[in-house]
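Here the structure is laid out as structure tokens; the discussion comes afterwards.
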Amino acid sequence: MKSSAGLPAIVVTGDGAGVVSHAGARLLVETARRSGVAAGLSQRLSLWRAPRAVHDPGKIVLDLAVAIAAGGDCAADIAMLRAQPEVFGPVASDPTVSRLISLLAEDPEGAGLAIRAARAQARQRVWGHAGIPWQADGHGRKLVIDLDATYIDAHSPKEQATKARKGFGFHPLLGFVDHGEQGTGEAMTGLLRPGNAGAGTAADHITLLKEMLAHLPEDATAFDEHCRRPILVRTDSAGATHAFTRFLIEQGIEFSLGAKLGDYDIDTILAAIPPEAWIPAINPDGTPQPDARVCEATALFGLTTWPQNMRVILKKDEPLPGSQLTITDHDGMRVTGLFTSTGHLTPPELELRHRRHARVEDRIRCGKDTGLANLPFHGFAHNQIWLEICALAQDLLALTQRAALTGPARRWEPKTLRHRLLATAARLVRTGRQLILRYAQNWPWTPLLTSAFTRLHALSSP
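The sequence shown runs contiguously to residue 476 in the numbering used here.
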């Protein structure tokens, strides 16, 4: 047979043996084993196991998370694992999976707490091995937490799906730990809310952050001798509420929150700032940012009802072509601001640090590429459980990167991880009492994949 347009002619048959598809996803299973999340799920979800059930609820939840992390977006995609029991173990049938989701949905708070506790145990183990993802801020180090809300469309009528400004569906509030320039980030937890839930609801921000603090390792959240925690919380202007800032101050947590400039007479404030007060904003490498200026304007805002020592930093820059103008724009310049409790950094440093909050949009986008784009069930409680499983899937990817990968691979997004590592096929060889996965020698990322397993083996099983 002749090739056409440079494409080789290939004869296709269906009689191959010993070949495993998506064998690279075994890396996620190994992360679950070595980090302790597999054992933790099995232990903490044992309350939901029927007396004579064949399948462990913890294993079912883990299988769903592995399937989602490998690219699935509904419960039925667990079939990819079921087809290869030699690599992924016995996998429950679709009806069994459905029954378990319904059972967990009878107590979504308890089930969600059990899943988060197992993830917290694994996080502490991996961070203890690979290090806490501290970020330097010029005068010490911080664990950076980003909070943000997002809309999830509902393409059919679902319980508590409502009409909202951006469509019809849900408006969950999500929390992430940012790994900085050298990594991605971890999906800590989320609050599933109706589509008409307010973005600036202080009670939801407080509830979400309390949940995150409860499931972070103690050495990353402990108070120092000055009753401060080594934590920075960033949000957009939705988090800039009196109640939330008071809570952050009470918890000894620094904050960087987008300012709601529309609540102030911004024209009068800008007119009172002398031209020499505006200094260049900076790029991440410390060089001046073209056409962007920042200044401190705390004294002009009259912050009598806000926490003491809070600062206001303003920035003005030229809007990008095609960007939507806002009411706070001034003389053709985009004006934005932030509230912060940090006292030791300069305005350019504070603005750069807050600008990096935009990374949360990447985390949300990756979350929607890992099961969050569609909440597949009709019941609200069922979708709460799905939200927890999606967070577990994102955790498996992030913990694998932190514990097993190095270099640029630590920053790969889910799509790249799937195409280069998780979707890798292998030959399954049985020799004596041992099963061996043989990845293709000529696959460019096989050395990275095999070395990842080696690094995970250094994380001894719990």
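Positions of the beta carbon are idealized from the N, C-alpha and C atoms, including for glycine.
In the structure shown, residue 327 adopts extended strand secondary structure according to DSSP, grouped into three states. Residue burial annotation: residue 196 is exposed, with fewer than 16 other C-beta atoms found within 10 angstroms of its C-beta.
Positions of the beta strand (DSSP E) runs, each at least 3 residues long and wholly inside the segment 124-168, are given as 155-163 in order along the chain. Here residue 332 is exposed. Its C-beta has fewer than 16 other C-beta atoms within 10 Å.
With respect to the 9 Å criterion, residue 440 and residue 34 are classified as neighbours on the basis of their beta carbons. With contacts defined as CB atoms closer than 9 Å, residue 306 and residue 326 fail to qualify as a contacting pair. Between the segment 394-411 and the segment 70-84 there are three or more inter-stretch CB-CB distances shorter than 8 Å, so the stretches are counted as touching. For residue 177, the enclosing beta strand (DSSP E) starts and ends at 176-178. For residue 120, there is no enclosing alpha helix (DSSP H), since its DSSP letter is neither H nor E. When DSSP states are grouped into helix, strand and coil, residue 186 belongs to the coil group. Residue state for residue 203 is assigned as strand, using DSSP reduced to three classes. In the DSSP assignment, residue 280 falls within the unbroken alpha helix (DSSP H) covering 280-285. By the Cβ rule, the segment 148-155 does not count as touching the segment 55-72, because fewer than three pairs are nearer than 8 Å. Of the candidates 469, 189, 163 and 291, the residue whose Cα lies closest to the Cα of residue 230 is 189. Exclusion of the five residues before and after residue 330 leaves 307, 347 and 349 as the residues of its chain whose Cβ lies within less than 6 Å of its Cβ. If only uninterrupted alpha helix (DSSP H) runs of at least 4 residues are considered, those enclosed by the segment 202-231 are 216-228. For the pair residue 162 and residue 48, the Cα-to-Cα distance works out to about 31 Å. When DSSP states are grouped into helix, strand and coil, residue 354 belongs to the strand group. Per DSSP, residue 408 is one residue of the alpha helix (DSSP H) stretching across 394-418.
Sequence-distant Cβ neighbours of residue 241 in its own chain, meaning closer than 6 Å and more than five residues away, are 266.
For the pair residue 317 and residue 235, the CB atoms are not nearer than the 9 Å cut-off.
Counting along the chain, the unbroken alpha helix (DSSP H) around residue 367 starts and ends at 361-369. Pairwise C-beta distances place the segment 250-265 in contact with the segment 207-215, as three or more of them are shorter than 8 Å.
From the listed residues 206, 468 and 367, the smallest Cα separation to residue 386 is found for 206.
The criterion of a C-beta distance shorter than 9 Å is satisfied by residue 115 and residue 396. Rounded to whole angstroms, the gap between the alpha carbons of residue 451 and residue 443 is 6 Å.
Counting along the chain, no alpha helix (DSSP H) covers residue 194, and no H or E run does either. In terms of Cα proximity to residue 263, the closest of 244, 413, 359 and 112 is 244. In terms of Cβ geometry, residue 111 and residue 89 form a close pair [threshold 9 Å]. According to the DSSP secondary-structure assignment, residue 445 is paired through a beta bridge with 448.
Relative to the Cα of residue 50, the nearest Cα in the group 21, 37, 135 and 30 belongs to 135.
DSSP lists 294 and 330 as the beta-bridge partner residues of residue 307. Residue 348 carries a strand assignment under DSSP once its states are collapsed to helix, strand and coil. For residue 35, the three-state secondary structure derived from DSSP is coil. In the DSSP annotation of this structure, the continuous segment of the beta strand (DSSP E) that includes residue 269 starts and ends at 268-272. In summary, residue 73 is buried, with 16 or more beta-carbon neighbours lying within 10 Å of its beta-carbon over all protein chains present.
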